[in-house]
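Read through the structure below, which is laid out as structure tokens, and then see the notes.
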């Protein structure tokens, strides 16, 4: 199923094997169907402070920290970075609107996939640019026993958010593995870019409105149409990983 994709990754990276020991998961759009709420709240909150971002642009910026998104908009539209107070006020308002949108449901297929991965004996690490505490608090309720606090990288932990590789490099350290011993699961162009820049085999799951091309051009090693599809094919994916490992 992934033999050609893995072979191409090994050829480009120079690694001799893909010894998968850990899976590094993004959160929004991967574990929770939360991106429509994020897009809506970014559009409204930014507009209230004189910044423009369409809901489509919010999807393209997915993966950045809140401060990173705000400063990206401020530099383009104000010609300067936002002040700390502006960042604080805009993100606080964005969080208020997000919470008012209601509960973001777990992504269909995610629990099944995580269960399969856990049964395979692989370590699972969260790597998210989100600082949305309402979602972070829901992780253990929605996916009990999966995401230990010591195996989470969030907006509160990093200096540089995605597309910088720092979050995924930190995820590798948390997992105690090398780049060719992990797999990234992402849904956003900037997240894919970060995973690829960290040298990790990156699976893009297209759960949003963007075309596959937006993920492919960032270097995704493979693109799946949904988390449900990924879950239903986990045994095949796992078998292909094993074919390229050094026992």
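Residue numbers (this note's numbering): -13 to 233.
Think of the CB as a built atom: it goes at the ideal place given N, C-alpha and C, for glycine as much as any other residue.
Checklist line | residue 192 versus 185, 175, 182 and 179, residue with shortest Cα-Cα distance | finding: 175
Next item on the list: Compare the C-alpha of residue 9 against each of 195, 219, 197 and 106 and name the closest.
Entry: 106
Item checked: residue 11 - partner residues in DSSP beta bridges -> 112 and 171
Item checked: Residues near residue 138 by beta carbon distance below 6 Å, same chain, minus five either side -> 112
Next item on the list: Give the DSSP-derived three-state secondary structure of residue 189 in the structure shown.
Entry: strand
Margin query: I want to check one thing, is the minimum distance from the CB of residue 113 to the heavy atoms of the ligand GDP below 7 Å?
Written below: Ligands displayed in this structure: none; no statement on the ligand GDP is therefore possible.
Notebook entry, point to check: Between residue 100 and residue 163, what straight-line distance do the alpha-carbon atoms span, to the nearest angstrom?
Noted result: 19 Å
Checklist line | Segment contact flag, the segment 178 to 192 with the segment 205 to 221, C-beta cutoff 8 Å, min 3 pairs | finding: yes
Check: If you run the structure through DSSP and keep just helix, strand and coil, what is residue 39?
Finding: coil
Notebook entry, point to check: Expressed to the nearest angstrom, what Euclidean distance is found between the alpha-carbon atoms of residue 18 and residue 11?
Noted result: 11 Å
Check: Can you tell me whether residue -13 is buried or exposed, with buried defined as 16 or more other CB within 10 angstroms of its CB?
Finding: exposed
Next item on the list: Below 7 Å CB to CB, which residues in the same chain sit around residue 39 once its five sequence neighbours on both sides are set aside?
Entry: 28, 29, 32 and 59
Check: What is the residue span of the alpha helix (DSSP H) that residue 83 lies within?
Finding: 70 to 86
Note to self: Which same chain residues end up closer than 8 Å to residue 129 when comparing Cβ atoms and leaving out the 5 residues on each side of it in sequence?
What the structure shows: 17, 92, 96, 97 and 100
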